[in-house]
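Asker: Here it is: the structure, laid out below.
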Amino acid sequence: AQSVAQPEDQVNVAEGNPLTVKCTYSVSGNPYLFWYVQYPNRGLQFLLKYITGDNLVKGSYGFEAEFNKSQTSFHLKKPSALVSDSALYFCAVRDGGGGADGLTFGKGTHLIIQP
Amino acid sequence: GAGVSQSPSNKVTEKGKDVELRCDPISGHTALYWYRQSLGQGLEFLIYFQGNSAPDKSGLPSDRFSAERTGGSVSTLTIQRTQQEDSAVYLCASSEDGTGGYEQYFGPGTRLTVT
Chain A
1 AQSVAQPEDQ VNVAEGNPLT VKCTYSVSGN PYLFWYVQYP NRGLQFLLKY ITGDNLVKGS
61 YGFEAEFNKS QTSFHLKKPS ALVSDSALYF CAVRDGGGGA DGLTFGKGTH LIIQP
Chain B
116 GAGVSQSPSN KVTEKGKDVE LRCDPISGHT ALYWYRQSLG QGLEFLIYFQ GNSAPDKSGL
176 PSDRFSAERT GGSVSTLTIQ RTQQEDSAVY LCASSEDGTG GYEQYFGPGT RLTVT
């Protein structure tokens, strides 16, 4: 079985400061890792993914994430937060060696950027 | 281009009635997924289609739930004899293929309320 943990229900950051949203995962095979963002009353939007290769992946809206195999983590980061980044963020995993399947999501982290 | 579309956007039904939810994936995407988002359970994976076939239906919450996909395109999720615990947002997603690390693109969801 695979699982994702997002230990923080909410993260508060001042505008212009760096932000980090934490994610750890558990999967039996090679992890395929994803970050999605959800704005109020909207569907999920894809931000970035790690499949293989460089541990630092860059995505939409200036976000990036670092894959750390030894710590089984895939934290989302951004050097300088914007108020418009305020939203609900989900980390998700799939077992890359397990054939086709759906994603397992974390519970989500509310990111609040204060002006 | 056009994204994933879902209909209806909102559905209110009485307990015991059947409902049908529709998903139109991105053109050319062979894989299609259904998820359920609720406050108590977070984001749950329900079922996945590669083409018209669903290899694993074990994620469906009960035998009242069924799904089909025709012509490798449109999918319908049917809930029979709805119960109040079925109230949730039902999300559909599609990807280029179910294997590999293709990201999933989500529709806006159908908000189902069972009274």
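Note that the protein sequences, when read in sequence, are chains A and B. Numbering of the first sequence is given in my numbering, commencing with residue 1 and proceeding in unit increments. Numbering of the second sequence is given in my numbering, commencing with residue 116 and proceeding in unit increments. Beta carbons are placed, not taken as given, at the ideal position from N, Cα and C, and that holds for glycine.
(1) What's the C-alpha gap between Gln45 of chain A and Arg137 of chain B?
(2) Name, going along the chain, the residues of the segment 200-222 of chain B whose beta-carbon falls closer than 7 Å to a beta-carbon of chain A.
(3) Name, please, each residue of chain A whose Cβ falls closer than 7 Å to the Cβ of Leu158 of chain B.
(4) Indicate whether Gly224 of chain B and Gln152 of chain B have their beta-carbon atoms separated by less than 9 Å.
(5) Quick one: which residues of the segment 17-50 of chain A get their C-beta closer than 7 Å to a C-beta of chain B? List them in chain order.
(6) Between Phe63 of chain A and Leu47 of chain A, is the Cβ-Cβ spacing less than 9 Å?
(7) State the beta-bridge partners of Thr52 of chain A as determined by DSSP.
(8) Helix, strand or coil, according to DSSP, for Ser84 of chain A in the structure here?
(9) So, are the CB atoms of Thr72 of chain A and Tyr25 of chain A less than 9 Å apart?
(10) Indicate whether at least one CB of chain A lies closer than 9 Å to the CB of Asp171 of chain B.
(11) Quick check on Ile141 of chain B - is its C-beta less than 9 Å from some C-beta in chain A?
(12) Less than 9 Å between CB atoms is the rule here; does Thr52 of chain A satisfy it with respect to chain B?
(13) Among residues of its own chain, excluding the 5 on either side of Ser3 of chain A, which ones have a beta-carbon nearer than 6 Å to its beta-carbon?
(14) Since I believe Gly222 of chain B is in contact with Ser120 of chain B (beta carbons under 8 Å), could you give me their beta-carbon distance rounded to a whole number of angstroms?
(15) Leaving out the 5 sequence neighbours to the left and right, which residues in its chain are closer than 8 Å to Leu181 of chain A when beta-carbon positions are compared?
(16) Can you give me the Cβ contacts of Asp133 of chain B inside the same chain, cut-off strictly under 8 Å, excluding the 5 residues immediately before and after it?
Answerer: Taking the definition as stated:
(1) Distance between the alpha carbons of Gln45 of chain A and Arg137 of chain B: 20 Å.
(2) Residues are counted here when their Cβ sits less than 7 Å from a Cβ of chain A; for the segment 200-222 of chain B these are Leu206, Gly213, Thr214, Gly216, Glu218, Gln219, Tyr220, Phe221, Gly222, given in chain order.
(3) Chain A residues near Leu158 of chain B: Phe90, Phe105.
(4) Closer than 9 Å, so yes.
(5) Going along the segment 17-50 of chain A in chain order, one finds Tyr32, Phe34, Arg42, Gly43, Leu44, Phe46, Lys49 with a Cβ nearer than 7 Å to chain B.
(6) Remark: C-beta atoms of Phe63 of chain A and Leu47 of chain A approach each other more closely than 9 Å.
(7) DSSP output for Thr52 of chain A lists no bridge partner at all.
(8) The answer is helix: DSSP assigns Ser84 of chain A an H, G or I state.
(9) Yes, the pair counts as a contact, with Cβ atoms nearer than the cut-off.
(10) By this cut-off, Asp171 of chain B is an interface position.
(11) Ile141 of chain B does not count as touching chain A.
(12) The beta carbon of Thr52 of chain A falls within 9 Å of a beta carbon belonging to chain B, placing the residue at that interface.
(13) Once the five neighbours on either side are set aside, the close Cβ partners of Ser3 of chain A are Ser26.
(14) Taking 8 Å as the upper bound for CB-CB distance, Ser120 of chain B and Gly222 of chain B are in contact here, some 6 Å apart.
(15) Not covered by the structure: residue 181 of chain A. The range shown for chain A is 1 to 115.
(16) Beyond the five residues adjoining it in sequence on each side, Asp133 of chain B comes within less than 8 Å, by CB distance, of Thr193, Ile194, Gln195, Arg196, Thr197 in the same chain, given in chain order.
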